[in-house]
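Structure first, commentary second.
Residue numbers (the numbering used here): 149 to 490.
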């Protein structure tokens, strides 16, 4: 009998509640990670504890309250629905028992809780699937570190597959294109489509982080899938933090410039977010929409993340099964060694 397959769906995380205290705990863990902020500790920790964790939680908690739902954190609620949808699809396609659990790099449910749940379910083979289509040290890299920290204390390790990225997977591109087309068929096409990715410091890219290149590749593939030229489909980067330069162009500055130039109607899609969260539901739908309208634009629509769409779930299943094909092989015994001629 085939042993159960375990899948750990991971993401950055979310506060437990939209309160300053919960946000402070989450930010302390998140911003203490060297993968996220790699400045010297002697420089960064005083800034973090004296300024960031003193003033930022109150403002960020207010933003979280604006998007919080009766089911709690939108990100966590969506991920629960993704896991619930992915498990039966994988079970049917893999022909074996499958358990899908959640693990956050920061906050709850923790990476430890997710891995221990898979271990308790008898999963000796585990796929870690970070919900980051484009690889970055600050996202997928931090996930790898968090998994390694948990497993460092285990005497009996599972056989592990870590999904590095899936930024050019045909199903992922097709699902993104379908989500955009559905909006256009229902409500008409905009003048421009903006692909807004989460930013990282430019310095990370110079040091070898492939994130910017993978974002550009995703952008090109989505342009081709939608049949759009570079004069209608653009990419930008959002959510910058701190004084140093991040990947450009910046989303907020791009939308302001377009509004001043007379662009009236823009749609924004965020291909780097597999589930809607603060950065999409508040930063894009509220903050950046206001920037565009205040600069002279008339309409900005946000194309929802792929979330638990069936085509997205099918893509995640494809990603898992492609990485685990070797586990289903029964190796052919090697032929007897031949004697060497004398």
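Heads up, the beta-carbon is just placed ideally off N, CA and C, and yes, glycines get one too. Only a predicted model underlies this, so the values are computations on that prediction, with no experimental measurement involved.
_Do residue 253 and residue 290 count as a contact pair if the criterion is CB distance below 8 Å?_
Translated into the one-based positions of the chain shown, residue 290 becomes position 142. Translated into the one-based positions of the chain shown, residue 253 becomes position 105. Yes; because the gap between Cβ atoms is below 8 Å, this pair is in contact.
*Cβ atoms of residue 331 and residue 437: under 8 Å apart, would you say?*
Residue mapping note: residue 437 aligns to position 289 of the chain shown, counting from 1. Residue mapping note: residue 331 aligns to position 183 of the chain shown, counting from 1. The criterion of a C-beta distance shorter than 8 Å is not satisfied by residue 437 and residue 331.
_Is it the case that the segment 377 to 392 contacts the segment 342 to 356, given that we only count it when at least three CB pairs across the two stretches are under 8 Å?_
By the Cβ criterion, the segment 342 to 356 is in contact with the segment 377 to 392, since at least three pairs of Cβ atoms, one from each stretch, lie closer than 8 Å.
*Starting from the Cα of residue 312, find the closest Cα among 396, 292, 222 and give me that residue.*
Counted from its first residue, the chain shown places residue 312 at position 164. If you compare the alpha carbons of 396, 292, 222 with that of residue 312, the shortest gap goes to 292.
*Compute the beta-carbon to beta-carbon distance between residue 469 and residue 242, rounded to the nearest angstrom, for a pair I have assumed lies under 8 Å.*
Counting from 1 along the chain shown, the entry for residue 469 is found at position 321. Counting from 1 along the chain shown, the entry for residue 242 is found at position 94. With 8 Å as the limit, residue 469 and residue 242 qualify as a contact, their Cβ atoms being about 6 Å apart.
*Which residues in the same chain as residue 161 place their Cβ atom closer than 6 Å to its Cβ, once the five residues preceding and following it in sequence are excluded?*
Sequence index remark: in the chain shown, residue 161 carries index 13 (1-based). 252, 253, 254, 255.
*Can you give me the start and stop residues for the beta strand (DSSP E) that residue 255 sits inside?*
By one-based count along the chain shown, residue 255 stands at place 107. Element bounds for residue 255: 246 to 255.
*Going by other Cβ atoms of all chains shown within 10 Å of its Cβ, with 16 needed for buried, is residue 420 buried or exposed?*
Mapped onto the chain shown, residue 420 falls at position 272. Here residue 420 is buried: its Cβ has 16 or more other Cβ atoms, across all protein chains shown, within 10 Å.
*Please classify residue 460: does DSSP put it in a helix, a strand, or coil?*
As a position in the chain shown, residue 460 is number 312, starting the count at 1. Residue state, collapsed to three classes: helix.
*Between the segment 366 to 374 and the segment 312 to 326, do three or more beta carbon pairs fall short of 8 Å?*
Under the three-pair Cβ rule at 8 Å, the segment 366 to 374 counts as touching the segment 312 to 326.
*Can you give me the start and stop residues for the beta strand (DSSP E) that residue 339 sits inside?*
Here the question's residue 339 lines up with position 191 in the chain shown. Element bounds for residue 339: n/a, residue is neither H nor E.
*Excluding the five sequence neighbours on either side, which residues of its own chain have a C-beta within less than 8 Å of the C-beta of residue 364, listed in chain order?*
Along the chain shown, one-based indexing puts residue 364 at 216. Within the same chain, residue 364 has close Cβ partners 383.
*Which residue from 475, 446, 265, 204 puts its Cα closest to that of residue 390?*
Working through the chain shown from its first residue, we reach residue 390 at position 242. Residue 390 has its Cα closest to that of 204, out of 475, 446, 265, 204.
*Where are the beta strand (DSSP E) runs, 3 residues long or more, that stay fully inside the segment 343 to 422, in chain order?*
Here the runs fully enclosed are 381 to 386, 413 to 417.
*Verify whether the separation of the beta carbon atoms of residue 451 and residue 328 is less than 8 Å.*
One-based indexing of the chain shown puts residue 451 at position 303. One-based indexing of the chain shown puts residue 328 at position 180. Using a Cβ distance threshold of 8 Å, residue 451 and residue 328 count as a contacting pair.
*Under 8 Å between the Cβ atoms of residue 502 and residue 440?*
The requested residue 502 does not occur in the structure, where the chain is confined to residues 149 to 490.
_Every unbroken alpha helix (DSSP H) within the segment 259 to 344, with a cutoff of 4 residues, ordered by chain_ = Listed in chain order, the complete alpha helix (DSSP H) runs (minimum 4 residues) inside the segment 259 to 344 are 259 to 268, 290 to 299, 318 to 335.
*Express the C-alpha separation of residue 277 and residue 259 in angstroms, rounding to a whole number.*
Your numbering for residue 259 matches position 111 in the chain shown. Your numbering for residue 277 matches position 129 in the chain shown. Going by the C-alpha atoms only, they are around 12 Å apart.
_Beta-carbon proximity check, residue 461 vs residue 211, cutoff 8 Å_ = Here residue 461 is taken as the residue at index 313 of the chain shown, counted from 1. Here residue 211 is taken as the residue at index 63 of the chain shown, counted from 1. Not a contact, by the Cβ cut-off of 8 Å.
*Cβ-based burial, residue 478 [other Cβ within 10 Å; buried from 16]*: The count along the chain shown starts at 1 and reaches residue 478 at position 330. The pLDDT assigned to residue 478 is 49, lower than 50, so where the model puts this residue is not dependable; a value taken from the coordinates is nonetheless given after this. Its Cβ having fewer than 16 others within 10 Å, residue 478 is exposed.
_For residue 167, three-class secondary structure by DSSP_ = In the chain shown, counting from the first residue as 1, residue 167 sits at position 19. Coil.
*Ignoring anything shorter than 4 residues or poking outside the segment 168 to 219, list the alpha helix (DSSP H) runs there in chain order.*
For secondary structure counted as the alpha helix (DSSP H) over 4 or more consecutive residues, the segment 168 to 219 holds these complete runs in sequence order: 168 to 179, 189 to 195, 201 to 215.
*Would you please state the rounded distance, in angstroms, between the beta carbons of residue 281 and residue 158? I believe it to be under 8 Å.*
Sequence index remark: in the chain shown, residue 281 carries index 133 (1-based). Sequence index remark: in the chain shown, residue 158 carries index 10 (1-based). Actually they do not touch by this definition, with Cβ atoms about 13 Å apart.
*Could you check where the beta strand (DSSP E) with residue 434 kicks off and where it finishes?*
Start at 1 with the first residue of the chain shown, and residue 434 comes out as number 286. Here residue 434 belongs to no beta strand (DSSP E), and DSSP marks it neither H nor E.
*What is the DSSP secondary structure of residue 157, reduced to helix, strand or coil?*
If you number the chain shown from 1, residue 157 lands on position 9. Of the three classes helix, strand and coil, the one that applies to residue 157 here is strand, per DSSP.
_Distance between residue 294 and residue 283 (C-alpha atoms, nearest Å)_ = As a first step, residue 283 is located in the chain shown; it is residue number 135 there, counting from the start. As a first step, residue 294 is located in the chain shown; it is residue number 146 there, counting from the start. Residue 283 and residue 294: Cα-Cα distance of roughly 16 Å.
*Compare the beta carbon distance of residue 151 and residue 272 with 8 Å and say whether it is the shorter of the two.*
The sequence position of residue 151 within the chain shown is 3, counting from 1. The sequence position of residue 272 within the chain shown is 124, counting from 1. Residue 272 sits close to residue 151, with the two beta carbons spaced by under 8 Å.
*asked:* According to DSSP, is residue 428 part of a helix, a strand, or is it coil?
replied: Against the chain shown, residue 428 aligns to sequence position 280. Helix at residue 428.
*In chain order, what residues of the same chain have a beta carbon less than 6 Å from the beta carbon of residue 490, not counting five sequence neighbours either side?*
Residue numbering aside, residue 490 sits at position 342 when the chain shown is read from its first letter. Only weak support is given to the placement of residue 490: the predicted model assigns it a pLDDT of 40, under 50, and the question is left unresolved by the model.
_C-alpha gap between residue 401 and residue 387, whole angstroms_ = Counting from 1 along the chain shown, the entry for residue 401 is found at position 253. Counting from 1 along the chain shown, the entry for residue 387 is found at position 239. Roughly 12 Å between the two C-alpha positions.
*From residue 416 to residue 432, what distance separates their C-alpha atoms?*
Position 268 of the chain shown holds residue 416. Position 284 of the chain shown holds residue 432. Residue 416 and residue 432 have their C-alpha atoms spaced approximately 8 Å apart.
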